[in-house]
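If you count the sequence shown from 1, position 27 lands on 29 in the numbering used here, and the numbers rise without skipping.
Quick notes on the structure that follows.
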Amino acid sequence: MGTLAEIQTVTAGNELHVCPNCGYNRGFHTSFIRENTGKDEPVKPTPRRYHVILICPECGARYDVGWTCTLAEPDGASTGAHAAGNPLIPSGPGNL
Ligand SMILES: [Zn+2]
C-alpha cells in the first residue's frame, strides 16, 4: 500500500458519482477526517466536526466536496447524547 492520494476539492454539482480522475461511475467510499483545530484539545468534551472525504474505490483518489458532519467524541466522553436513547444508532447485537 502506498501513501494516500492527496485530497482534491471538488464541487458535487447536480450529482457526483463519477470519479473525475478515472471515470469510475459507481459512487464512492467515504472516510472521515477530524477537523484540525490547530490548538490544544478543549477541556470540555464536545462533539467533533469531521470532513467527509469521498474515496474512489477504483483509483483511490480522494475528494472533499465540503461535506462536514459532527460525530461523537472519540474518547467516549459523555456529551449528553447517549446511543441507547438514539433511534438512529443501533444499540444491541440484535440490530442489523
Ligand atoms: Zn477514480
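Yeah, the Cβ is synthetic: ideal placement off N, Cα and C, and Gly gets one too.
- Boundaries of the beta strand (DSSP E) around PHE34: 31-36.
- GLY25 sits in coil when the DSSP states are folded into three classes, being neither helix nor strand.
- As the crow flies, the alpha-carbon of GLY68 is around 13 Å from that of ARG36.
- Considering only CYS61, GLY62, THR32 and ILE57, the residue with the shortest C-alpha distance to CYS71 is THR32.
- For HIS53, the uninterrupted beta strand (DSSP E) segment begins and ends at 50-57.
- C-alpha of VAL20 to C-alpha of ALA74: approximately 30 Å in a straight line.
- The straight-line gap separating the alpha-carbon atoms of CYS24 and ARG50 is approximately 32 Å.
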